[in-house]
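Colleague:
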Amino acid sequence: MTFPENHLIELLPRKERKSLLAICEPIELVLSEVLCERDQPTRHVYFPINGFISLITQIDHHPGMEVGMVGREGMLGAQLALGVLKAPLHAVVQGSGSALRIATKVFLSELGNSPALQRGLNRYLYVLMAQLAASAACLRFHQIGPRLARWLLMSQDRAHSDQFHVTHEFLAYMMGVRRVGITAAAGNFQRNGWIEYHRGEIKVLNRSGLEATACGCYAADQRAYAELLT
8 MTFPENHLIE LLPRKERKSL LAICEPIELV LSEVLCERDQ PTRHVYFPIN
58 GFISLITQID HHPGMEVGMV GREGMLGAQL ALGVLKAPLH AVVQGSGSAL
108 RIATKVFLSE LGNSPALQRG LNRYLYVLMA QLAASAACLR FHQIGPRLAR
158 WLLMSQDRAH SDQFHVTHEF LAYMMGVRRV GITAAAGNFQ RNGWIEYHRG
208 EIKVLNRSGL EATACGCYAA DQRAYAELLT
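Read in order, the letters of the sequence shown correspond to residues 8 to 237 in our numbering.
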């Protein structure tokens with residue numbers, strides 16, 4: 008059976024790509040669905056196709072904050088390539104869509120028989136580590152406006168659409184800031200004609216405006232993907 012392809016799967020040699028697709032189960036990613044919990048065993052791996060997933064860190068009793076994002080370019084559960092079964096982060100569906108899912112035991116068996124898959128995941132893990140590190144520095148040093156522009160661009164890239172659903176409350180939660188800061192920054196973007204926002208639906212009208220405003224972390228993420236995952 009042929010499925011639309013995730014980029015990591017697409018990069019595999021034909022024989023190994025067919026072998027991996029044969030064990031994949033197509034599923035729908037439902038908005039706000041929790042796919043894994045931090046420090047809990049990984050039950051499935053997910054290869055998004057046109058949905059995307061937030062990676063959230065949680066400390067003590069504070070609300071969680073997004074530190075990474077997984078879309079068609081990657082997968083959820085990549086730590087299995089290191090022999091680690093526990094999930095390092097909380098993962099929740101941020102953008103509904105489709106994905107391919109594989110049970111952990113089945114995936115590990117395939118991984119052991121596919122050097123190309125192991126190499127691809129090693130590269131992806133490096134890119135994901137760079138994204139996590141950039142997110143930590145971004146939170147510390149960059150203002151809300153440039154961070155919001157980066158977040159919108161990353162979401163648009165993974166949604167493969169100019170329009171996606173997100174509320175100000177959810178954005179504030181993802182970015183670890185107060186809702187009033189998100190409202191002010193998003194209002195400024197609307198006045199500049201870069202986005203349109205209505206009842207939780209964001210539409211990107213001027214991507215170049217967002218790119219000019221986004222912090223350098225977005226361009227750094229793009230370079231890492233281009234250098235290692237193309």
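Cβ coordinates follow ideal geometry from the N, Cα and C atoms, glycine included.
In this text the structure is predicted, and so the values were computed from the model without any measurement.
Alpha carbons only, please: which of 50, 112, 143 is nearest the one belonging to residue 98?
Modeller: The residue labelled residue 98 in the question sits at position 91 within the sequence shown. Here the closest residue by C-alpha is 50.
Colleague: Let's see if you can read the secondary structure: which residues bound the alpha helix (DSSP H) around residue 36?
Modeller: To locate residue 36, count along the sequence shown from 1; it is residue 29. Per DSSP, residue 36 belongs to no alpha helix (DSSP H); it is in the beta strand (DSSP E), 32 to 36.
Colleague: My assumption, with CB atoms under 8 Å, is that residue 79 sits in contact with residue 14. Please give the rounded CB distance.
Modeller: One-based indexing of the sequence shown puts residue 79 at position 72. One-based indexing of the sequence shown puts residue 14 at position 7. Residue 79 to residue 14, Cβ: 5 Å. Contact.
Colleague: In angstroms, rounded to a whole number, what distance separates the CA positions of residue 235 and residue 201?
Modeller: Walking along the sequence shown from the start, residue 235 turns up at place 228. Walking along the sequence shown from the start, residue 201 turns up at place 194. So the two alpha carbons sit approximately 31 Å from each other.
Colleague: Quick one: give me the first and last residue of the beta strand (DSSP E) that residue 121 is part of.
Modeller: Taking the sequence shown and counting its residues from 1, the one referred to as residue 121 is at position 114. It is not in any beta strand (DSSP E) - residue 121 carries neither H nor E in the DSSP assignment.
Colleague: Here's the rule I'm using: 16 or more other beta-carbon atoms within 10 Å means buried, otherwise exposed. How should residue 25 be labelled?
Modeller: Translated into the one-based positions of the sequence shown, residue 25 becomes position 18. That one is exposed.
Colleague: Taking all protein chains shown into account, decide if residue 127 is buried (16 or more other Cβ within 10 angstroms of its Cβ) or exposed.
Modeller: The residue labelled residue 127 in the question sits at position 120 within the sequence shown. By the 10 Å Cβ count, residue 127 comes out buried.
Colleague: Kindly give me the distance between the Cβ atoms of residue 72 and residue 188, rounded to whole angstroms, as I take these residues to be in contact under 8 Å.
Modeller: Along the sequence shown, one-based indexing puts residue 72 at 65. Along the sequence shown, one-based indexing puts residue 188 at 181. Not really, about 14 Å apart at Cβ, beyond 8 Å.
Colleague: Quick check: what's the CA-CA separation for residue 59 versus residue 34?
Modeller: Position 52 of the sequence shown, counted from the first residue, corresponds to residue 59. Position 27 of the sequence shown, counted from the first residue, corresponds to residue 34. Residue 59 and residue 34: Cα-Cα distance of roughly 13 Å.
Colleague: What separation, rounded to the nearest whole angstrom, lies between the Cα atoms of residue 197 and residue 90?
Modeller: In the sequence shown, counting from the first residue as 1, residue 197 sits at position 190. In the sequence shown, counting from the first residue as 1, residue 90 sits at position 83. So the alpha carbons of these two residues sit roughly 46 Å apart.
Colleague: Taking 8 Å as the threshold (beta carbon to beta carbon), is residue 56 in contact with chain D?
Modeller: Absent here is chain D; the protein component of the structure consists of one chain.
Colleague: If you reduce the DSSP assignment to three classes, tell me which class residue 1 lands in.
Modeller: No information on residue 1 is available, as it lies outside the stretch 8 to 237 that the chain covers here.
Colleague: Mind checking whether residue 76 and residue 130 have CB atoms under 8 Å apart?
Modeller: Start at 1 with the first residue of the sequence shown, and residue 76 comes out as number 69. Start at 1 with the first residue of the sequence shown, and residue 130 comes out as number 123. Cβ distance not < 8 Å, so residue 76 and residue 130 don't count as in contact.
Colleague: Ignoring anything shorter than 3 residues, give me the beta strand (DSSP E) runs that lie fully in the stretch 178 to 207, in order along the chain.
Modeller: You should have 202 to 205.
Colleague: What are the start and end residues of the alpha helix (DSSP H) that includes residue 220?
Modeller: For this step, residue 220 is matched to residue 213 along the sequence shown. First-last of the alpha helix (DSSP H) with residue 220: 214 to 220.
Colleague: What residues in its chain sit with their C-beta under 6 Å from that of residue 147, if we drop five residues either side in the sequence?
Modeller: Looking up residue 147 in the sequence shown gives position 140. There are no such residues.
Colleague: Can you give me the C-alpha to C-alpha distance between residue 100 and residue 237, rounded to a whole angstrom?
Modeller: In the sequence shown, residue 100 corresponds to position 93, counting from 1. In the sequence shown, residue 237 corresponds to position 230, counting from 1. Going from the Cα of residue 100 to the Cα of residue 237 covers about 25 Å.
Colleague: So, are the CB atoms of residue 223 and residue 192 less than 8 Å apart?
Modeller: Working through the sequence shown from its first residue, we reach residue 223 at position 216. Working through the sequence shown from its first residue, we reach residue 192 at position 185. No, these two residues do not count as a Cβ contact at 8 Å.
Colleague: Quick check on the burial criterion: 16 or more other C-beta atoms within 10 angstroms. Buried or exposed for residue 37?
Modeller: The residue labelled residue 37 in the question sits at position 30 within the sequence shown. By the neighbour-count rule (16 or more Cβ atoms within 10 Å), residue 37 is not buried but exposed.
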